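*Asks:* Below you'll find the structure I mean.
2 protein chains.
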Amino acid sequence: MSETIGFLLNDTARLFRRAFNARTRDSGITALQWRLLVYLRRHQGIRQGPLADLIEVEPITLSRMVDRLAEAGLVERRADPTDRRAWLLYLTPRADALLDGMRRTTDALAEEATEGLSDAERAQLIALVGRVRCNLSRRDAIPESEREKEAI
Amino acid sequence: MSETIGFLLNDTARLFRRAFNARTRDSGITALQWRLLVYLRRHQGIRQGPLADLIEVEPITLSRMVDRLAEAGLVERRADPTDRRAWLLYLTPRADALLDGMRRTTDALAEEATEGLSDAERAQLIALVGRVRCNLSRRDAIPESEREKEAI
DNA sequence: TGTTTATAGTAGCAATTGCTATTATATGCA
DNA sequence: TGCATATAATAGCAATTGCTACTATAAACA
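As given, the protein sequences belong to chains A and B, one line each in that order.
Mapped onto the UniProt record's numbering, the consecutive letters of the first sequence carry residue numbers 1 to 152.
Mapped onto the UniProt record's numbering, the consecutive letters of the second sequence carry residue numbers 1 to 152.
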């Protein structure tokens, strides 16, 4: 019974990704790319390394994700004027529009996922899972206030 | 705020997998392989197709996972006497021992993940996430009683 | 029985990911 | 300043995954 929570969370997250991908297939971006764009929207001008940390992929993986998103006209790389090794990342207007357009879909998905739950239960779910995430997080050095939590 | 639950679940599940993989690195199997073995333990003699459904990967992916696990001496393929196209899968004694040995680790991980939660809160967490999973599940045709839920 | 259709599993290919090594640049320090 | 070390990003390679097509076998049915 004790692994249940790990199994359960993984199952549920996978179903979430699957539902997300099924609904946004025509937009041409995946759940992971969407994740990148959402984080980037809140951190315009971030470098690749820190963004890789945020979405928890390897820097090289992020580098290649950005290659594709830049080619698709959704992300722009600008040279960092203070460090010639680094790129600063920006969302293009097109990506903004895309995210806005997807907003309804993702809202509907969240609604569907929590169908039958009262507002209090939804709040409780988020609070409890949030505590589990907090327990599991390795990034203890990063103050909680710095972390992405709500309202994404 | 509405996507929070999707983000949160994915974050948490990822952290879970990461913690799992970090703790079981020396065992040589990944979280996904562990998942396969755990399901297989409860369904000895299952065919590849249904097991692929259970762990939600494509049949070809499962086929190759079984290739590797068979080579590692953890899973055994036996010909189905009633259908010469099919294989029946069995856990080897070695896999049983491996799972038993990992049990302590996974128990400890579940404990750590839910640290600070009361028994009531843990139960509530499981119940709420379980309802979300149920909402998201496409396999509506499969009666709930048939599905893997607890005690894994 | 013989033919059509469905099913179990696998091979080829392409896409994605991460490990390791490498390049270019910046920083620390004598 | 000049050299050693650290850092940002990327290329090469290997592993894994899934899509599509394929083979072998079973089931349905005329």
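Positions of the beta carbon are idealized from the N, C-alpha and C atoms, including for glycine.
These numbers come from a predicted model, not from an experiment.
Spell out whether any CB of chain A is found under 8 angstroms from the CB atom of L62/B.
*Replies:* Looking up residue 62/B in the second sequence gives position 62. Taking Cβ atoms only, chain A never reaches closer than 8 angstroms to L62/B, which makes this a no.
*Asks:* Starting from A79/A, trace the beta strand (DSSP E) both ways and give me its first and last residue.
*Replies:* Position 79 of the first sequence holds residue 79/A. Segment V75 to A79, the beta strand (DSSP E) holding A79/A.
*Asks:* By Cβ distance below 7 angstroms, which residues in the same chain neighbour A86/A in space, the five residues on each side in sequence not counted?
*Replies:* As a first step, residue 86/A must be located in the first sequence, where it is residue number 86. R47 and D80, listed in sequence order.
*Asks:* Drop a sphere of 10 angstroms on the beta-carbon of Q44/B, count the other beta-carbons inside from all chains shown, and report buried for 16 or more, exposed for fewer.
*Replies:* Position 44 of the second sequence, counted from the start, is the residue given in the question as residue 44/B. Flag for Q44/B reads exposed.
*Asks:* With distance defined between alpha-carbon atoms, name the residue in R25/B, P50/B, D26/B and R23/B nearest to L36/B.
*Replies:* In the second sequence, residue 36/B corresponds to position 36, counting from 1. Among R25/B, P50/B, D26/B and R23/B, the Cα nearest to that of L36/B is on P50/B.
*Asks:* In chain order, what residues of the same chain lie with their CB nearer than 7 angstroms to the CB of A70/A, ignoring the 5 residues before and after it?
*Replies:* For the purposes of this step, residue 70/A is taken as residue 70 along the first sequence, with counting starting at 1. Only E76 and R77 meet the Cβ criterion.
*Asks:* Go ahead and label D83/A buried or exposed: buried means 16 or more other beta carbons lie within 10 angstroms of its beta carbon, across all protein chains shown.
*Replies:* Against the first sequence, residue 83/A aligns to sequence position 83. Exposed, since its Cβ has fewer than 16 Cβ neighbours within 10 Å.
*Asks:* Taking 8 angstroms as the cut-off, does the segment 59-69 of chain A touch the segment 16-28 of chain A (at least 3 CB pairs, one atom from each stretch)?
*Replies:* no
*Asks:* Which one of L8/B, L15/B, R42/B and L117/B has the shortest CA to CA distance from L99/B?
*Replies:* Counting from one through the second sequence, the residue named residue 99/B turns up at place 99. If we check each option's Cα against that of L99/B, R42/B comes out closest.
*Asks:* Between the C-alpha atoms of N135/A and D67/B, what's the straight-line distance to the nearest angstrom?
*Replies:* Residue numbering aside, residue 135/A sits at position 135 when the first sequence is read from its first letter. Residue numbering aside, residue 67/B sits at position 67 when the second sequence is read from its first letter. N135/A and D67/B: Cα-Cα distance of roughly 36 angstroms.
*Asks:* For L88/A, report the span of its beta strand (DSSP E) as first-last.
*Replies:* Position 88 of the first sequence, counted from the first residue, corresponds to residue 88/A. It spans W87 to L91 - the beta strand (DSSP E) in which L88/A sits, taken as one unbroken run.
*Asks:* Taking 8 angstroms as the limit between beta carbons, can you name the residues of its chain near T92/B, skipping five residues before and five after?
*Replies:* Numbered from its first residue, the second sequence carries residue 92/B at position 92. Correct list, in chain order: G73, L74, V75 and E76.
*Asks:* Name the chain B residues that come within less than 7 angstroms of S137/A, Cβ to Cβ?
*Replies:* The residue given as residue 137/A occupies position 137 in the first sequence. The answer, in chain order, is L15.
*Asks:* Please return the same chain residues whose Cβ sits closer than 6 angstroms to the Cβ of L54/A, not counting the five positions on each side in sequence.
*Replies:* Here the question's residue 54/A lines up with position 54 in the first sequence. So the list reads Y39, once near-sequence residues are dropped.
*Asks:* List the endpoints of the continuous alpha helix (DSSP H) containing L69/A.
*Replies:* Mapped onto the first sequence, residue 69/A falls at position 69. That run of the alpha helix (DSSP H) goes P59 to E71.
*Asks:* How would you list, in chain order, the residues of chain A whose beta-carbon sits under 7 angstroms from the beta-carbon of G130/B?
*Replies:* By 1-based counting over the second sequence, the position of residue 130/B is 130. Residues of chain A passing the Cβ test: L8.
*Asks:* Evaluate A19/A with the Cβ neighbour count: other Cβ atoms within 10 Å of its Cβ, from every protein chain shown; 16 or more gives buried, anything less gives exposed.
*Replies:* Along the first sequence, read from residue 1 onward, the residue named residue 19/A stands at position 19. Counting Cβ neighbours within 10 Å, A19/A comes out buried, since at least 16 surround it.
*Asks:* Where do the N-terminal and C-terminal ends of the alpha helix (DSSP H) with I126/A fall, by residue?
*Replies:* Position 126 of the first sequence holds residue 126/A. D119 to L136 is the extent of the alpha helix (DSSP H) around I126/A.
*Asks:* For K149/A, does the three-state DSSP call read helix, strand or coil?
*Replies:* The residue you call residue 149/A lines up with position 149 of the first sequence. Confidence at K149/A is low in this model, with a pLDDT of 34, below 50, so its placement is unreliable and the value that follows should be read with caution. DSSP places K149/A in coil when its eight states are reduced to three.
*Asks:* What in chain A is Cβ-close to D96/B, meaning under 9 angstroms?
*Replies:* Residue mapping note: residue 96/B aligns to position 96 of the second sequence, counting from 1. The contacting residues do not exist; D96/B stays about 16 angstroms from chain A at best.
*Asks:* Mind listing the chain A neighbours of L125/B? Cutoff is C-beta to C-beta under 8 angstroms, in chain order.
*Replies:* Residue numbering aside, residue 125/B sits at position 125 when the second sequence is read from its first letter. Going along chain A in sequence order, the residues near L125/B (Cβ under 8 angstroms) are I5, L125, L128, V129 and V132.
*Asks:* Taking the beta carbon of D96/A as the centre, do at least 16 other beta carbons fall within 10 Å, making it buried, or is it exposed?
*Replies:* Here the question's residue 96/A lines up with position 96 in the first sequence. Under this definition D96/A is an exposed residue.
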